[in-house]
Amino acid sequence: MITSLPSGNISVTPATRERPRLVTRETIELFESNNPALEGIGSIMVDMGLWVVENDERTANKDSRKVSAKTYLSDTARNCNELYAGEIY
């Protein structure tokens, strides 16, 4: 949910696996081009189930991996360690 605060700042509710953010490939490309330090974050967010790409072949493919809506802390910690092990920029 996006809300406007009295200070004029915009507040955005973070995406979760239970409530992923729907995005397009174009939106991801635009976000990454406007934020060079976050290049490649789109594929990480999609792999983690935080972003779901609309009109994507993978979402239409019946053989694609389904992400469980229930996430356990141990799974999150393990997945983060596997994803980022040795990746220091």
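With the first letter of the sequence shown counted as 1, position 81 gets the number 81 in this note's numbering; the numbers rise by one all the way through. Using N, Cα and C, we set each Cβ at its ideal position, and we do this for glycine too.
Look at the alpha carbon of residue i and the alpha carbon of residue j, and state the distance between them as a whole number of angstroms.
i	j	result
S43	F31	12 Å
E18	P36	28 Å
T24	P14	17 Å
P6	V12	14 Å
V46	V52	6 Å
Tell me the residue span of the alpha helix (DSSP H) that contains residue i.
i	result
R19	No alpha helix (DSSP H) contains R19, which DSSP labels as neither H nor E.
M45	41–47
Locate the beta strand (DSSP E) running through residue i, then write down its first and last residues.
i	result
S93	Nothing about residue 93 can be read from this structure; the chain reaches only from 1 to 89.
Bridge partners of residue i, per DSSP?
i	result
T24	None; T24 has no bridge partner.
T3	S11
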